[in-house]
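Read in my numbering, the sequence shown has 417 at position 98, and its numbers run on one by one without any break.
Glycine included, every Cβ here is placed at the ideal spot set by N, Cα and C.
Inspection log for the structure reproduced underneath, given as structure tokens.
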Amino acid sequence: MKAISSLLIIQLLWRAASADRTDVYCIDGIRTSLAGIVFDGTIPGDYWTNICTNNLSVTSMWAAANVYCSDHEITAGEEMLGGYCKEYGLVTLIPYNDILPTLTKKFINSLPIVEFEDTDSPVIWNSSILMSAQLFTASKRTVVRWHTAHRERHKLIMPQSAFAMSYILDSRYG
Numbered sequence: 320m321k322a323i324s325s326l327l328i329i330q331l332l333w334r335a336a337s338a339d340r341t342d343v344y345c346i347d348g349i350r351t352s353l354a355g356i357v358f359d360g361t362i363p364g365d366y367w368t369n370i371c372t373n374n375l376s377v378t379s380m381w382a383a384a385n386v387y388c389s390d391h392e393i394t395a396g397e398e399m400l401g402g403y404c405k406e407y408g409l410v411t412l413i414p415y416n417d418i419l420p421t422l423t424k425k426f427i428n429s430l431p432i433v434e435f436e437d438t439d440s441p442v443i444w445n446s447s448i449l450m451s452a453q454l455f456t457a458s459k460r461t462v463v464r465w466h467t468a469h470r471e472r473h474k475l476i477m478p479q480s481a482f483a484m485s486y487i488l489d490s491r492y493g
């Protein structure tokens, strides 16, 4: 019985850890697109430093977030991305509030608009950019589909009820 209780707890923790937070899709979509754009000061092969600390990249990300994301999505996405920056890149994300005073309507309107076809271009941007609405939509849809597929894959791996878990354990171990 202890084994079943332990496995049920593990299952609940697994679900909590793999829970899908839709409020991070906005920032995650922006991050995904910006990863394909090369900014001045980019360090080749250093993904997290470029995404999290390159001033042009981060300003571009927060400009797009300011235009396309809600305040709640920005907060949730900043928390998620900040964690990734620390865990995977050992760097600290430049916070949204540090860039926010720069993000005036005049500044955002002055940014060059980057389209989908520009993400594979060999251009090195020496200024911040604003991703087009079409590029943002495509990026966010990609992230949503990836998370949906990831969630579905976990449903196949983990039993969805205590009864199913109990049945599997009983069948396997008697």
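Using the rule of at least 16 other Cβ atoms within 10 Å of the residue's Cβ for burial, across every protein chain shown, is residue i buried or exposed?
| i | result |
| --- | --- |
| R350 | buried |
| Y407 | exposed |
| A383 | buried |
| I356 | buried |
| K459 | buried |
| L409 | exposed |
| Y387 | buried |
| S376 | buried |
Going by DSSP, what residues sit across from residue i in a beta bridge?
| i | result |
| --- | --- |
| L449 | I432 |
| F358 | W444 |
By alpha-carbon positions, which one of the options ends up nearest to residue i?
| i | options | result |
| --- | --- | --- |
| L430 | T467, P441, S379 and L409 | S379 |
| F358 | H466, P441, Q453 and F455 | P441 |
| W444 | G364, I393 and N374 | N374 |
| K424 | L449, D439 and T438 | L449 |
Touch check for the region 359-370 and the region 397-412: three-plus C-beta pairs under 8 Å? yes
Does the region 410-418 come into contact with the region 430-440, if we say contact requires no fewer than three beta-carbon pairs (one atom in each stretch) closer than 8 Å? no
In the region 365-432, which residue ranges form an unbroken beta strand (DSSP E) of at least 3 residues, counting only runs that do not cross its ends? none
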